[in-house]
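Counted from 1, the sequence shown has number 436 at position 435 by my numbering; the numbering is strictly sequential.
For every residue, glycine included, the Cβ atom is placed at its ideal position computed from N, Cα and C.
Nothing here was measured: the structure is a model prediction, and the numbers come from that model.
Some notes on the structure that comes next.
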Amino acid sequence: MARSRRRIIYLCQACGHESPRWSGQCPSCQAWNTLVEVEDAPDRPSWLARDTQGPQELTAVSQAAGQRLLLPGREFNRVLGGGIVPGSVTLLGGDPGIGKSTLILQVGAEATRLGPVLYVCGEESPQQVRLRADRLGIAGAGLLLLPETNLRVILAALEERRPSLVIVDSLQTMYVDEVPGAPGTVGQMRESTLRLTQYAKARDVPVFLVGHVTKDGAIAGPRVVEHMVDVVLYLEGEAASTYRLLRSAKNRFGSTNEVGIFEMGEEGLVEVENPSLAFLAERPANAIGSAVVPMLEGTRPLLVEVQALTSPAVMGPPRRVATGVDFNRLLMLIAVLVQRAGLSLGNQDVIVNVVGGLRVQEPAADLAIALAIASSARNTPVDPALVAVGEVGLSGELRSVAQTERRLAEAAALGFRSALVAPQRRGTRAAPPGLQTKEASTLREAIRLGLQTPSRRGEVSSPSVQPPTDAGQSG
Ligand SMILES: Nc1ncnc2c1ncn2[C@@H]1O[C@H](COP(=O)(O)OP(=O)(O)O)[C@@H](O)[C@H]1O
Ligand SMILES: [Mg+2]
Ligand SMILES: [Zn+2]
2 MARSRRRIIY
12 LCQACGHESP
22 RWSGQCPSCQ
32 AWNTLVEVED
42 APDRPSWLAR
52 DTQGPQELTA
62 VSQAAGQRLL
72 LPGREFNRVL
82 GGGIVPGSVT
92 LLGGDPGIGK
102 STLILQVGAE
112 ATRLGPVLYV
122 CGEESPQQVR
132 LRADRLGIAG
142 AGLLLLPETN
152 LRVILAALEE
162 RRPSLVIVDS
172 LQTMYVDEVP
182 GAPGTVGQMR
192 ESTLRLTQYA
202 KARDVPVFLV
212 GHVTKDGAIA
222 GPRVVEHMVD
232 VVLYLEGEAA
242 STYRLLRSAK
252 NRFGSTNEVG
262 IFEMGEEGLV
272 EVENPSLAFL
282 AERPANAIGS
292 AVVPMLEGTR
302 PLLVEVQALT
312 SPAVMGPPRR
322 VATGVDFNRL
332 LMLIAVLVQR
342 AGLSLGNQDV
352 IVNVVGGLRV
362 QEPAADLAIA
372 LAIASSARNT
382 PVDPALVAVG
392 EVGLSGELRS
402 VAQTERRLAE
412 AAALGFRSAL
422 VAPQRRGTRA
432 APPGLQTKEA
442 STLREAIRLG
452 LQTPSRRGEV
462 SSPSVQPPTD
472 AGQSG
């Protein structure tokens, strides 16, 4: 009966834009021939009898929804803002092969302590999931596998089994009979998400939807359902790195700044206990072109190594390569280094890389990036016991960044002895014990303070008495 209230709308397959009438070009993303006709979603689920009786007094609303389900692992709870909210729908996105199925299987296995978990495997056979579970050391009691892509069958199974958590891997394989188009099209993904959302709210059961995202945000990505779900998580990482970052892009129940840090191994995704230590573990002493910045990932301080390499451009215009750093920010910093700090980079290739597959997006990393480039260009190491944090302005001035104390406390905890910072406002608390702050108001001054001068380099290495090494040579 609800079907009669449906109307026809036109959905862009590229961006999910909704339009009441057809046109050749999407008014939102300007793509051509991407609008397709779909039936609009019903206002109310016709397949599920709801027992709401009109408006309720606020105080009469059950508070049970506030009780979050806590998983044993810290990182996943942290990214969700303190556990899983009952009845919430979470989209877990990421590149193919990044580890989404691995993560969600681990989460599902942990959630079985709360009750049965239903894992809809639309992409893999139950045997494949079993193989992965064996590798991850998951026994699997309480984990129900359902190899199915028809949403009607899935919802019937959910009604019958009443699991305490639902996983759908992946959203792109799901389809609804009444909706035209193959699985993975915008119409199918939206309708599937809508019905699963209705199920989650009606039964107060959390639902996790896995979705593949391609880097270029290609056609029919699960982005088109982002606005329909409560939480959007993205699992990220560089292909060459074993580190995986779980970020929340949207969270109706918490902050979106939190980041979970995992390492991918044989036994699945393992939480990284001390990320700063992990990311600095392979930092060579006295390396030229390396600087450390105390970043803030959500509420957590994280020490990150930035590397730079400058070398004469062989052919054509000099190249700039940025990995983990915003490309335009790098161009800006190079321009400031040339114009305000007197570096000659006009005929130099400049390559910047953030270690561990991390991305630094805060302007707080400006100073460390600039210092790493200056270190390489001058062939002089940065003081290895120094961290640098500050935003660089176009006139070469340094600006202080938020929460400097927390960043410096993390640096001190990991044994750094000095910090290069912008001039601090009066009244800000002093640096933590054991850490000396050096304030610089310009980038030029910061480079002078941050790079080891040849004479000081000698001083630094002289106190550590080396055992005589000529024994082997004399024999
Ligand atoms: N035996 C293994 N040891 C370590 N890592 C593995 C092993 N098998 C698979 N992986 C990792 O798991 C990844 C695939 O994870 P998966 O959860 O299937 O990704 P997604 O679901 O995001 O496509 C592979 O890219 C690889 O990094
Ligand atoms: Mg998968
Ligand atoms: Zn569009």
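Set against 8 Å, the gap from the CB of Arg136 to the closest heavy atom of ligand 1 is smaller. For ligand 2, no non-hydrogen atom lies closer than 8 Å to the CB of Lys202. No heavy atom of ligand 2 is found nearer than 8 Å to the CB of Glu161.
For Thr257, the closest C-alpha among the options Arg248, Cys30, Arg8 is that of Arg248.
With contacts defined as CB atoms closer than 9 Å, Gly391 and Leu421 qualify as a contacting pair. Secondary structure within the region 261-291: the alpha helix (DSSP H) runs of 4 or more consecutive residues, fully enclosed, are 276-281 (chain order). According to DSSP, Ser419 shares a beta bridge with Leu387, Gln437.
In the displayed model, Gly138 falls within coil according to three-state DSSP, outside both helix and strand.
For Asn151, DSSP records a beta bridge to Tyr176.
Nearest C-alpha to Leu71 among Gly98, Gly100, Val108, Lys101: Val108. In this structure, Gly17 has its CB closer than 8 Å to one or more heavy atoms of ligand 3.
Boundaries of the beta strand (DSSP E) around Asn252: 244-252. For ligand 1, the residues with a Cβ under 6 Å from any of its heavy atoms are, in chain order, Gly95, Pro97, Gly98, Ile99, Gly100, Lys101, Ser102, Thr103, Arg136, Met265, Gly266, Glu267. Val361 is bridged by DSSP to Val326.
In this structure, Leu415 lies away from Pro433, with their beta-carbon atoms at least 9 Å apart.
Under the three-state reduction of DSSP output, Pro184 falls in the coil class, being neither helix nor strand. In the structure shown, the three-state DSSP call for His18 is coil. Around the C-beta of Ala110, 16 or more other C-beta atoms lie within 10 Å, and the residue is accordingly described as buried.
Bounds of any alpha helix (DSSP H) do not take in Thr381, whose DSSP letter is neither H nor E.
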